[in-house]
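Residue numbers for the sequence shown follow the numbering used here, beginning at -2 and rising by one.
The beta-carbon is built from N, C-alpha and C at its ideal position, and this holds for glycine as well.
Keep in mind that this is a model prediction, so the values were computed, not measured.
The structure under discussion appears below in the form of structure tokens.
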Amino acid sequence: MTATAKVQSSTADDTLARKSTDPDIVSGGRLVAKALKAEGVDTIFTLCGGHIIDIYDGCIDEGIRIIDVRHEQVAAHAADGYARQTGKLGCVVTTAGPGCTNAVTGVATAFRSESPILHIGGGGGLAQHKMGSLQDLPHVLMMRPITKFSESVLTTERIPDMIAMAAREAFAGAYGPAYLEISRDVLDREVHIKDAVIPQPGHYRASVKSIGDPADIERLADVLVKAERPAILFGQQVWSCRGHNDAIALLRGLDIPGYFNGAARGLLPPGDPHHFDRTRSLAFQKADVVVIVGTPFDFRMGYGKRIQVPTLVQIDQDYRTVGKNRDITFGIAGDPGAVLKAVLDAATAKIDAGKRQVRQQWMRSLQE
């Protein structure tokens, strides 16, 4: 006689019924929410899916807003916009399969725009790996080319650690997106809270406000003090790292015309004496010093080939971008705001009134 096997339901109601009422016992979904809260995340953008349902319960418990949209592409773009406007980690949560693939364009946009977002994606249970589980796709491999970090979380206890790791990568060097796949059984499983340490941002990663080599700071300060026709172009990173006030202070403090690219547009209003726009090509032809801050030599810049000046300096968060596509005089890999502040501090006492008059004449010529 054949015994009838007991069928174990996997509905959301049955999953909730099996949850412990012990406050020290937490599910993977609640660990996700606790780790996000520790990272300063106050909002997630999502489209509800069965693989990730336990994350929502955790977010409600932790006071994290859940913005539910009609399509995952919207959720990814919203997380990107949130990150750009707040300077904080944006978070998009998607279910497995089409939930992940629908978010690809939004994540790719964040990747090209150096926007720090965390994409948390659901997945089929690890116990059903390679068995054809619901909406099973190679999410990690698909996301890897358009993220700085793309990995799976294999145990419930590691959820907070892996979220911290992904957040660290999102803000290391040039900002960008990170992806974590967390399978359904990893999210639903419960563990004791003491077995899942939640790293605190101020204690597990170093400051990213590096100024690079101090010798290069002094070198750039000397170059700018001696220049008669300097020009500076500011790009995306000046805004994303919140270095805009330092950028403005440098322009005004040293009387240098400023040009703006990408998200740096709007740092100064039109009509400001240090705001320049339509004369960029002329400035890059006649300047004796050009400093490029936080933007690559890409198609918008003619890959750097159009800039023909005696001294060309590049500042970027990513050392791989410095000097890419063309030679430069020297470069500084560091936080744009911190670098610009250090340069202004080093140069302020060295520039004289005569040099300022020469620069003001230079700026007037660019406005004519």
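*Do the segment 74 to 81 and the segment 206 to 221 meet, that is, are 3 or more Cβ pairs less than 8 Å apart?*
no
*CA-CA distance, R62 and D274?*
40 Å
*Hey, is the segment 292 to 308 in contact with the segment 178 to 185, meaning 3+ C-beta pairs nearer than 8 Å?*
no
*Quick one: Cα of D285 to Cα of L264, how far?*
24 Å
*R155 - containing beta strand (DSSP E), residue span*: Careful: R155 lies outside any beta strand (DSSP E) and carries neither H nor E.
*In three-state DSSP terms, what is T1?*
For T1, the predicted structure reports a pLDDT of 46, less than 50, and the residue's modelled location is therefore unreliable. A value from the coordinates is still provided. It is coil, neither helix nor strand.
*Can you tell me where the beta strand (DSSP E) with L115 in it begins and where it stops?*
I114 to G120
*Helix, strand or coil for E69 per DSSP?*
helix
*Should S237 be labelled buried (16 or more other beta-carbon atoms within 10 Å of its own) or exposed?*
buried
*Boundaries of the alpha helix (DSSP H) in which C88 is found, first to last residue*: Premise fails: C88 lies in the beta strand (DSSP E), G87 to T91, not in any alpha helix (DSSP H).
*Would you call the segment 232 to 252 and the segment 105 to 113 in contact, with 3 or more CB pairs under 8 Å?*
yes
*What are the complete alpha helix (DSSP H) segments, minimum 4 residues, inside the segment 254 to 327?*
277 to 283
*asked:* Quick check on the burial criterion: 16 or more other C-beta atoms within 10 angstroms. Buried or exposed for E166?
replied: buried
_Taking the straight line between their C-alpha atoms, what separation do you get for V290 and D313?_
6 Å
*Do the CB positions of G84 and H48 come within less than 9 Å of each other?*
no
*Could you check the C-alpha separation between I117 and D324 for me, to the nearest Å?*
39 Å
*asked:* Using a Cβ-Cβ cutoff of less than 6 Å, which residues in the same chain neighbour T153 once the five nearest sequence positions on both sides are dropped?
replied: G25, V183, R186 and V188
_Paired residues, beta bridge with P227 - DSSP_ = V286
*Put A175 into one of helix, strand or coil per three-state DSSP.*
strand
*Taking Q87 as the reference, which of E36, V101, L247 and G320 has the closest Cα?*
Before going further, note that residue 87 is Gly rather than Gln in the sequence given. For the residues E36, V101, L247 and G320, the minimum Cα distance to G87 belongs to E36.
*F146, buried or exposed, once every other Cβ within 10 Å from all chains shown has been counted against 16*: buried
*From F257 to I190, what distance separates their C-alpha atoms?*
48 Å
*List the residues that DSSP assigns as beta-bridge partners of T43.*
D65 and V90
*Cutoff 7 Å; reference R249; Cβ partners in own chain excluding five residues on either side*: H271
*Keeping to the same chain, check which residues put their C-beta closer than 6 Å to that of R356; ignore five residues upstream and five downstream.*
D252
*For F231, is the classification buried or exposed, using 16 other Cβ atoms within 10 angstroms of its Cβ as the cut-off for buried?*
buried
*By DSSP, does A203 sit in helix, in strand, or in coil?*
coil
*Three or more C-beta pairs closer than 8 Å, one from the segment 58 to 72 and one from the segment 190 to 206: is that the case here?*
no
*Name, in chain order, the residues that DSSP records as bridge partners for I22.*
H189
*Could you tell me how far apart the beta carbons of L309 and A244 are, in whole angstroms, since I believe they sit closer than 8 Å?*
Between A244 and L309 the Cβ distance is about 18 Å, and since that is not below 8 Å, they are no contact.
*asked:* For F296, count the other beta carbons within 10 Å of its own beta carbon; 16 or more makes it buried, fewer makes it exposed. Which is it?
replied: exposed
_Contacts around R226, its chain only, beta-carbon distance under 7 Å, and the 5 residues preceding and following it disregarded_ = K283, A284, D285 and W359
_Boundaries of the alpha helix (DSSP H) in which E59 is found, first to last residue_ = I50 to E59
_For P198 and D158, which I take to be in contact (beta-carbon distance under 8 Å), what is that distance rounded to the nearest angstrom?_
P198 to D158, Cβ: 13 Å. No contact.
*Count the other CB atoms within 10 Å of the CB of I57; is the residue buried (16 or more) or exposed (fewer)?*
exposed
*Apart from the five residues just before and just after R353, which ones in its own chain have a Cβ nearer than 6 Å to its Cβ?*
D252
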